[in-house]
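Everything below concerns the one structure shown next.
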Amino acid sequence: MSRACELTGKAVLTGNNVSHANNKTRRRFLPNLVNVTLISEAMNQSVRLRVSANALRTVEHRGGLDAFLAKANAMELSPKARLLKKQIAKKTAEQTEGAAA
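Printed below as a string of structure tokens:
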């Protein structure tokens, strides 16, 4: 399991620990990842994702998983999230088509 957010692509960064004596040793900055279950209103089902705490805040701010994925850049998303984005777009297109007819 990779240490990367499935929605934003946020991943591990590397840098240095610097002591008072200015000794530098390599270290890793890990993203704050949490396992969450998000609900898609368009598909009426829940989806388990491993996202960063920052992405979770953004999902809430944008009004849910569907709205977040609609605005998200597909290149940043994981394969699982890309598939979900396509499914949600297809469902919303069907719903608007059905409402118009």
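Numbering (numbering that gives the first Met the number 0), first residue to last: 0 to 100.
Beta carbons: idealized from backbone N, C-alpha and C, even for Gly.
ask   = In or out: residue 13 buried (at least 16 other Cβ within 10 Å) or exposed?
value = Residue 13 sits at position 14 when you count from the first residue of the sequence shown. So residue 13 ends up on the exposed side.
inquiry  = Using only CA atoms, which one of 42, 44, 29 lies nearest to residue 53?
reply    = Position 54 of the sequence shown, counting from 1, holds the residue named residue 53. Selected option, being the one with the closest Cα: 29.
Sheet register partners of residue 76 (DSSP bridge) = Counted from its first residue, the sequence shown places residue 76 at position 77. According to DSSP, which records beta bridges pairwise, residue 76 is partnered with nothing at all.
task = Drop a sphere of 10 angstroms on the beta-carbon of residue 93, count the other beta-carbons inside from all chains shown, and report buried for 16 or more, exposed for fewer.
result = To locate residue 93, count along the sequence shown from 1; it is residue 94. With fewer than 16 other Cβ atoms within 10 Å, it is exposed.
request  = From the DSSP output, in three-state form, read off residue 14 for me.
outcome  = Along the sequence shown, one-based indexing puts residue 14 at 15. Here residue 14 carries a strand assignment [DSSP, helix/strand/coil].
inquiry  = residue 51 and residue 37 - do their beta-carbons sit closer together than 8 angstroms?
reply    = On the sequence shown, position 38 is the one that residue 37 refers to. On the sequence shown, position 52 is the one that residue 51 refers to. In this structure, residue 51 does not lie closer than 8 angstroms to residue 37 by Cβ.
Residue 49: first and last residue of the uninterrupted beta strand (DSSP E) it sits in = Position 50 of the sequence shown, counted from the start, is the residue given in the question as residue 49. Where residue 49 is concerned, the enclosing beta strand (DSSP E) stretches over 44-51.
key: Straight-line gap, residue 4 to residue 95 (C-alpha atoms, nearest Å)   = Your numbering for residue 4 matches position 5 in the sequence shown. Your numbering for residue 95 matches position 96 in the sequence shown. Their backbone Cα atoms lie some 31 angstroms apart in a straight line.
key: Boundaries of the alpha helix (DSSP H) in which residue 64 is found, first to last residue   = In the sequence shown, the residue the question calls residue 64 occupies position 65. For residue 64, the enclosing alpha helix (DSSP H) stretches over residues 64-70.
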